[in-house]
Each structure stands twice: as structure tokens, then as C-alpha cells.
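Here the sequence shown stands for residues 7 to 288, where the numbers follow the numbering used here.
Here's the structure, in C-alpha cells; my notes come after.
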Amino acid sequence: MAKIVATLGVAHAPGVTGWIDKAPQHEQDGVLDGYAQFQKLMDEVRPDVVIGIANDHLLNFSLDNIPDFCVGIGEQWAGPAPWFRDWLNVPDYTVRGHRDMARALVRESARAGINHAFADKLLFDDNWSVPLKFLFPRYDVRFIPIHMNPIVPPVPSAAHCHAVGETIARIVQAFPSDERVVIMGTGGLSHDPGGKDYFTVHEEFDRWFLALMEEGNAERVKRELTFEKLLTGGDGGAAELLAWVVAMGAAGMCGNARAETVFYVPSVPMRCGMGGVYWRLD
């Protein structure tokens, strides 16, 4: 059976590739060193497959028709989408998909009472272009993107996201292969794209959330991580952290719900609290 070898949550803010030079040198160093630590961790666990969960950013779905989760079932993915190329400053890339495992995620989730949309074509922006560039720079993994809706109410609750992660873990662990799998939630931390707090980082919120991930108390996450609480970290931005809750749910199913904070840099020039956490799974 397939094996989940790690789960993680990490920021995908476009400033890290698009305009990192606008930040002070110590912030640049802190962020790039943090992503380098993640790349080292990925080199250590050697995944064959990465299942990613991130905000769709309304790139593939309209306001009046956006699913909670959409699983990408294509055999190959390409990015970034044309409009984002100059802004992101990320070279064009392709990465293989995993149609069989992706279809199993859709099919078996439905049998467990969790219905996901699915698509064999999806546009990518910073949601995948940033973390793939830093964590998997050779693009030599098979990638299953799961686009989610953390921004247009009603958004999935923290409890639902945690259950989605648990279900993903059960399906992967029953999948008939010997592949090594990483589950990666991306987005956050505090930011407010285009809003009143666009040039504000809510460091207190970020550190509260990171401590929540480190504590690993699923019931507290379900109780306290309301949409209203997420809005205090930035309207339209911090709720992306629900993707990390999916990763946490998967980690808990594998025996370790307590994350380690790999790095945190509150960067106003990058317009985001930059950081990431990691769940070690033996």
C-alpha cells in the first residue's frame, strides 16, 4: 500500500518570487532559508507523489459556482497560467499527475460521504508555482492538485477540512502501490490581498495559529478556528490556512498531529506572514 511519509503547511505568497528584493535582507534570508529547509526535508523523505491542497483564488471557478474542493485528475500539469508569468517571475514548468490515485480520492471520498468536484484541466497561479519551485525544483514528483474554496462564504469549516484530511490519509494508505506520498497544504499566513490590511501583517494572529498547529489538538482547532477568527488574520488571505488543517487531519491519521514550525518571517514588503510547519511521520 502507499505510504504517507510527511505532511506540511507552507505559505505560497507571490512576493517570494515576484518582488522579494523589496524586502530587507534579513527577511529575504529568513524566507529563502526556510524554503531551503523544506527542500532538504523533501529530499530526506523522497516522495513519489505530492497531494496539494490550496486556494483556487477564483482562477478556475466563478463566484456563483465554486466547489469546496476540486481534485485534479489530469496526467500532466503546467504552470504558471499565462497572466501570472511576469508577476510571479517563475519559469514555465510541467509536472506529472497521478490520475489513478486522484480518481481514487474522488471515488472513495464520496463513499465516505465527502463529495469532491474533479477536473482534468486546472490553471495554476502562486498556489502551486511558488511551493513547487522551492520544494521540488526538479519537478520530478507526481502531483495531485486539490483546489479549495477558503474565501467565498460559505467556506468549509475547520472540522470539515480536518475530516477531508483524515479521509485522504485513509484512501492513500489503502491505495495499491508502494509509492511514498507527501500531503502539502499551501497558503497563508496573515495577509489581505487588495484589502484594507494589504500592507499589514498580523503577527499575533500568525503566532497564535502556529502554536495551534504545534499543539496538535484537533478539537481545539475545530472549535476555535472559525471563519470569523480567520478574518482577523486578513480578509481573503488568512482563511487559506484551512488547507493546513487538511494536512493536520492527514497527519493525525498517521499518528502525529503535532507540527514543528520550520520558519516564520512577518514581511510587510512581501505582504504576508511567511512561514511553514511540518509533521514528521515515521
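Glycine residues also receive a C-beta, built at the ideal position from the N, C-alpha and C atoms.
So who's on the other strand from HIS153, going by DSSP bridges?
One-based indexing of the sequence shown puts residue 153 at position 147. Its beta-bridge partners are ALA60 and CYS76.
For VAL227, does the three-state DSSP call read helix, strand or coil?
In the sequence shown, the residue the question calls residue 227 occupies position 221. Helix, per DSSP.
How many angstroms separate the CA atom of PRO182 from the CA atom of LYS9?
Taking the first residue of the sequence shown as 1, we reach residue 182 at position 176. Taking the first residue of the sequence shown as 1, we reach residue 9 at position 3. So the two alpha carbons sit approximately 10 Å from each other.
Determine the DSSP secondary structure at LYS9, reduced to helix, strand or coil.
By one-based count along the sequence shown, residue 9 stands at place 3. Looking at LYS9 - three-state DSSP - the assignment turns out to be strand.
By DSSP's criteria, CYS278 is part of a beta bridge. Which residues make up the other side?
By one-based count along the sequence shown, residue 278 stands at place 272. The partner list for CYS278 (beta bridge, DSSP) reads SER273.
Tell me the DSSP bridge mates of MET190?
For the purposes of this step, residue 190 is identified with residue 184 of the sequence shown, where counting begins at 1. For MET190, which the question treats as bridged, DSSP gives the partners LEU14 and GLY58.
In this structure, what does DSSP give as the bridge partners for THR100?
For the purposes of this step, residue 100 is taken as residue 94 along the sequence shown, with counting starting at 1. DSSP output for THR100 lists ALA84 as bridge partner(s).
Under 8 Å between C-beta atoms of VAL96 and VAL271
Taking the first residue of the sequence shown as 1, we reach residue 96 at position 90. Taking the first residue of the sequence shown as 1, we reach residue 271 at position 265. Going by C-beta atoms, VAL96 is not nearer than 8 Å to VAL271.
What is the residue span of the beta strand (DSSP E) that ALA316 lies within?
Residue coverage of the chain in this structure runs from 7 to 288, which leaves residue 316 outside it and unanswerable.
On a CA-only basis, which of MET219, VAL161, PHE75 and HIS166 is nearest LEU14? Give me that one, please.
Numbered from 1 along the sequence shown, position 8 holds the residue referred to as residue 14. The residue with the shortest Cα to Cα distance from LEU14 is MET219.
What is the DSSP secondary structure of SER196, reduced to helix, strand or coil?
In the sequence shown, the residue the question calls residue 196 occupies position 190. Here SER196 sits in coil by DSSP.
Can you tell me whether TYR41 is buried or exposed? The criterion is at least 16 other CB atoms within 10 Å of its CB, across all chains shown.
Counted from its first residue, the sequence shown places residue 41 at position 35. TYR41 comes out buried.
Quick check on the burial criterion: 16 or more other C-beta atoms within 10 angstroms. Buried or exposed for ASP52?
Position 46 of the sequence shown, counted from the start, is the residue given in the question as residue 52. The displayed chain sequence assigns Arg, not Asp, to residue 52. Exposed, by the Cβ-count rule.
Please report the distance separating the alpha-carbon of PRO30 from that of THR23.
One-based indexing of the sequence shown puts residue 30 at position 24. One-based indexing of the sequence shown puts residue 23 at position 17. PRO30 and THR23: Cα-Cα distance of roughly 15 Å.
Measure from the alpha carbon of ASP126 to the alpha carbon of each residue in ASP106, ALA257, LYS228 and ALA165, then state which is nearest.
Here the question's residue 126 lines up with position 120 in the sequence shown. Closest option to ASP126, judged by alpha-carbon separation, among ASP106, ALA257, LYS228 and ALA165: ASP106.
Looking only at its own chain, which residues have a Cβ that is under 6 Å from the Cβ of THR238, when we skip the five neighbours before and after it?
Reading the sequence shown from its first residue, position 232 is the one you call residue 238. Closer than 6 Å at Cβ, skipping near neighbours: PHE211.
Provide the residue span of the alpha helix (DSSP H) that contains ARG264, from first to last.
Along the sequence shown, one-based indexing puts residue 264 at 258. That residue, ARG264, is in no alpha helix (DSSP H); it is neither H nor E in DSSP.
Pairs of beta-carbons, one from the stretch 213 to 231 and one from the stretch 131 to 151, closer than 8 Å: are there three or more?
no
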